[in-house]
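Everything below concerns the one structure shown next.
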Amino acid sequence: MLPVNYPSINGLNRLAVEFKAAFMKDLRSYLRYPAWLIGDLISTPLWFFFFAVGVTLFAPTTQTSEYHGFSFFFFGFIFIVLFSTTIWGVGQSVRNEQMAGTLEQFFLAPANRLTLIVGRWARIFVTDLLVVGYTTGLLYLFGGGPLPLYEPIPFTFALGLFEVGSIGFGLFFAGLTMKLKSYNTLSNLVFFGYMILTGALFPVTVIPMPFRYVSLAIPFTYFIDLMRHAALLTPTILPESLEYVTAIIVAVVMFLVGLTTFNWIEQDARIRGSIATN
Amino acid sequence: MDPVDVRALSKSFETKEGPILRKSKKTLVAVDDISFNVPKGEIFGLLGPNGAGKTTTIKMLCTLITPTSGDAFINGVSIVENAQKVRENLGVMLTGERTLYWKLTGRENLEYFAALYHLQPSDSRTRIDYLLQLLGLKDREHTIVENYSTGMRIRLSFAKALLNEAPVLLFDEPTASLDPQSSRLIRDVIRSLKKEGHAIILTTHNMDEADLLSDRVAITDHGRIVRLGSPSELKDKMKSNDIIEIEAVNLSDQTVNTLQSFSEISKVALSTKDSNDNKGILRIHAEKGKEVLPRLLEFLVRKQISITKVSFIEPTLEDVFISETGRSLRD
Amino acid sequence: MISGLRGTLGVLAAIFWKGMKHYLRYPGSLLIYLMLPFLFTMLIFGMGRFIGGGNAALNFATRTGTSNVLVYEMLGGAVWMTSWVVVEDVGVALRDEQMKGTLEQNFLAPVNRFTLLIGISLTDIAITTAIFLVVVGATLVFTMPGAYLAFFQAFLILLIGLIPLFGLGFFFSGFVIKFKEPYIFTQMVNLIFGTLTGTYYPVTILPYWVQFLSGVLPQTYVISNMRQIILANQTLVSLYGSIFILLALAVVYPTLGYLVFKKLEKDASVTGELSKY
């Protein structure tokens, strides 16, 4: 055997280097297109405004319940932004690389796939948090008042569970888009399904009965419910400790299923020779 | 074991063709039971027309495609059993300019891939500086790839393949779309890599390049290796025949078929030079070329074919291909 | 070679069918356009029920003058989708071709640019008609059966409103050829249009300076007139003032849009942007 010339980085350092490389690559590309950043800064508050004004028509003419309703709604908006990171940051990232022609390079390198995808996800998560923070600030400036967050630590834990499950879902979706090629329709349907059925924008109790069973079967419903409970002290769907245990198990299972599906679809793409296919 | 050891590698693809609701399955054999090895410090050329299976072979060796059967060992590691480890032993340049991140600069692209190949940051800085200088990209290292010319992108893609100084290098059509000056630069670098002891496989449909660079050439057609040997060995085997090249107008497949019936002629191939004027080039392999030439010319003139040039030429790798397949490499 | 009017009609037909084939071969995008108005309406209605509780519909009626929430929202949603289709197809089509590398091939052909844009617009007339028929038609069949005349008048309003909308599309077409990045651009533009034109609320609840911006957009009049006709028993005749404004926009926008497109296209060909990915 010929020597492999370069002393390479080993162990956990490897993962850290790969993660950083993927994060920085994505950040650089993002910042090189000011249109993307400007687009996010304009469209994120505008989406909130667009829905909020439409919803105002239904609100009581007195002021008392509106604010709490809007906190509920604003958190729902945050949950939507977080999920969009999953769909478009993780789910479509692989397909986007395939269309750009760089997916083969991605698979050629002896780097861990998950680290690269998570690196990209992390960049989008960070920029999303900044944009949400900016939108929250705007809301405060325009008289919306401060956003309540009664239990920050449980909220962060629930957010962590959401993200673990999300990444798993994103990986599953990424594999699916590699196989299906045409992903826009699917992405939109999944996204709207999430918005309507998971209690993101309104409690699942508003959803009529047969459809409510579907909502209760979706893992994201519980992640969102726990985050909202921690932020606004709303009641939980299940008893609190049971809901946490359920959410932890479900998050781990989603992650493992997503990773397994992605690996399987990658292997299938290698057998079919379709990694490069546009 | 040689750094590259390919054993009975095959790849078939299943496709569905036909009208909607009446599609039938078809199996396309892209690579059919090929075996070869590449020792240290050798440039091994895979030469063949489009669709011969060269790129599929490269993609199997670099683990982007899983073989249907057979195996290959890159620096002793099986591509089937341990794909991840194989990638650590490879430097690969795939064809096309869309293999880079267009929103990153040349340097940023290389830094990114260096991290993916687990180079230490200090080593990668030095290595990237060296490669950018070597390939004439140093003054444009901070320009985003979107603003590079095609030649610059291909050179950057080539640099990316050399980042990790891998023992085995795979180059898929490395000089395609390059101007002569850039092509010469790439070839010079490939020769110096050979001297450094890397085992190199390069694919091309440019026979002159294969002839110039390769220590050995495998001529491929329809997924099989039809001939294997050094360029001089392969051409020497053709020396028993005279090669006549005739440039003419109004040549057709019918002409080729008729010429094939001449007893002295072993092989005839037609390639189109200019489809607007119907200009083509006939390459004729004949045992006693000087004797058959007058009859040949008489036949062509009788068929009202305008001849613009006639010459006896030294056999090339194209002639080796023609002798095996009856077709030109340019078809 | 076919020349004159026959030649132009042939080109228009070719571009029209190219666009239609895309929708027929990839029906997913059409499916999304048909479903989005229903999905958005469900979202807003769900949020509204939560916010307003049992009095949600009553609160809505107080503010809009109608308790028919579904028709009110679906009309806005259908028109919003219509403008979405136009921005995506007319506005972005050429940029899509630029990214695929076929724009130069199109521009190499001896075809007038205006003909090219009109051809793309023809496909959109077919698609937006389909959206209107399915979205609004289906909604009216279940909620207001028998409202045929109102439905027909609303359809005429849509057709008139499409003309200035195409003009806006021409403007965007030039803009994205020069400045690239169509997708973030279309997302922003569609959202701004949705916000300003009263898609899910009357524009009268917006601040005055915003209403001024709404007043220059054709969709504002289309949505408002459709609601007046279907929900408030108005007719085309009684809305003559608003229709006149729409007709004026139908002259101004295509003219301006095409002039801007030509200018930006020329700039792009001078700087070499036309062939740039």
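Chains as they are written, first to last, in this note's numbering: chain A, 139 to 416; chain B, 2 to 332; chain C, 13 to 289.
Every residue, glycine too, gets a C-beta built ideally from N, C-alpha and C.
Through-space distance from residue j to residue i, alpha-carbon basis
i	j	result
THR202/A	SER41/C	Any reading at THR202/A must be qualified, since the residue scores a pLDDT of 48, below 50, and its modelled position is unreliable; the value itself is stated next. Those two C-alpha atoms are separated by around 42 Å.
ALA249/A	ALA260/A	17 Å
VAL250/B	ARG284/B	14 Å
VAL388/A	GLY306/A	10 Å
LEU132/B	LYS195/B	16 Å
LEU170/C	VAL228/C	16 Å
GLY152/B	PRO39/C	39 Å
TRP185/A	LEU203/C	7 Å
GLY103/C	PHE205/C	14 Å
THR135/C	ARG125/C	16 Å
GLY257/A	LYS163/A	9 Å
ASP6/B	ILE44/B	14 Å
ALA160/B	GLY97/B	14 Å
GLU109/B	ILE189/C	27 Å
SER125/B	GLU174/B	26 Å
TYR252/C	VAL344/A	42 Å
VAL23/C	LEU17/C	10 Å
THR273/B	ARG188/B	28 Å
ARG23/B	THR16/B	13 Å
LEU87/C	MET47/C	13 Å
Cβ of residue i within 8 Å of any chain A Cβ
i	result
VAL172/B	Residue 172/B is actually Phe in this sequence, not Val. False, the Cβ-Cβ gap to chain A never drops below 8 Å.
ILE139/C	no
LEU132/B	no
ASN80/C	no
GLY58/C	yes
LEU65/B	yes
LEU117/B	yes
THR155/C	no
ILE1/B	There is no way to answer for residue 1/B, as the model of chain B reaches only from 2 to 332.
THR28/B	no
ILE217/C	yes
ALA68/C	yes
Residue i CB to nearest heavy atom of the ligand NAP below 7 Å
i	result
ASP222/B	Only the bare structure without any ligand can be found here, which leaves the ligand NAP out of the picture.
Proximal residues of chain A, C-beta to C-beta of residue i below 8 Å
i	result
LEU120/B	TYR144, SER146, ILE147
ILE235/C	Residues of chain A passing the Cβ test: none, with the nearest at roughly 13 Å.
PHE1/B	With chain B covering only 2 through 332, there is no way to say anything about residue 1/B.
MET54/C	ILE334
Interface partners of residue i on chain C, CB under 7 Å
i	result
LEU286/A	Note that residue 286/A is Pro in the sequence shown here, rather than Leu. Per Cβ cutoff of 7 Å: no residues; PRO286/A is ~17 Å from chain C at best.
Proximal residues of chain A, C-beta to C-beta of residue i below 9 Å
i	result
TYR212/C	PHE188, PHE189, VAL191, GLY192, VAL193, LEU195
GLN199/C	GLY177, SER181
Below-8 Å beta-carbon distance, residue i vs any chain C residue
i	result
THR202/A	Its pLDDT being 48, under 50, THR202/A is placed unreliably in this model, and the value from its coordinates should be taken loosely. Output row for THR202/A: interface = no.
ILE413/A	no
PRO198/A	yes
ASN250/A	no
TRP185/A	yes
PHE211/A	yes
Minimum Cβ-Cβ distance from residue i to chain B less than 8 Å
i	result
PHE228/A	The identity of residue 228/A in the sequence shown is Val, whereas the question assumes Phe. VAL228/A does not count as touching chain B.
ARG261/A	no
ALA238/A	yes
ILE409/A	yes
ALA312/A	no
Beta-carbon neighbours of residue i, restricted to chain B and to distances below 7 Å
i	result
LEU246/A	CYS63, LEU65, ARG88, VAL93
Contacts that residue i makes with chain A (C-beta to C-beta distance below 7 Å)
i	result
THR207/C	LEU184, PHE187, PHE188
GLY64/C	PHE196, ALA197, PRO198
Within the segment 317 to 371 of chain A, ranges of the alpha helix (DSSP H) (whole runs, at least 4 residues): 322 to 335, 347 to 355, 357 to 370
Residues, ordered as in the chain, of the segment 93 to 111 of chain B that lie near chain A by beta-carbon distance below 9 Å: Residues passing the 9 Å Cβ filter: VAL93, LEU95, GLY97, GLU98, ARG99, THR100, LEU101, TYR102, TRP103, LYS104, LEU105, THR106, GLU109, ASN110.
Near-chain A residues of the segment 30 to 52 of chain C - C-beta to any C-beta below 8 Å: Residues TYR38, GLY40, SER41, LEU43, ILE44, MET47, LEU48, LEU51.
Within 9 Å of chain A by C-beta, residues of the segment 198 to 223 of chain B in sequence order: GLY198, HIS199, ALA200
Within 9 Å of chain C by C-beta, residues of the segment 332 to 349 of chain A in sequence order: For the segment 332 to 349 of chain A, which is checked against every Cβ of chain C, the residues closer than 9 Å are MET333, ILE334, LEU339, PHE340, PRO341, THR343, VAL344, ILE345.
Whole runs of the alpha helix (DSSP H) within the segment 98 to 154 of chain B, excluding any shorter than 4 residues: 107 to 117, 122 to 135
Ranges of the alpha helix (DSSP H) found wholly within the segment 234 to 267 of chain B, counting only runs of at least 4: 254 to 261
Selection of the segment 168 to 182 of chain A by Cβ proximity to chain C, strictly under 7 Å: TYR171, ALA173, TRP174, GLY177, ILE180, SER181
Interface residues of the segment 357 to 380 of chain A facing chain C [CB-CB below 9 Å]: none
Inside the segment 17 to 105 of chain B only - alpha helix (DSSP H) runs reaching at least 4 residues: 55 to 62, 84 to 89
Members of the segment 154 to 166 of chain B near chain A, C-beta cut-off 7 Å: ASN165, GLU166
Residues within the segment 320 to 331 of chain A neighbouring chain C, beta-carbon criterion of under 7 Å: SER320, ASN322, THR323, ASN326, PHE330
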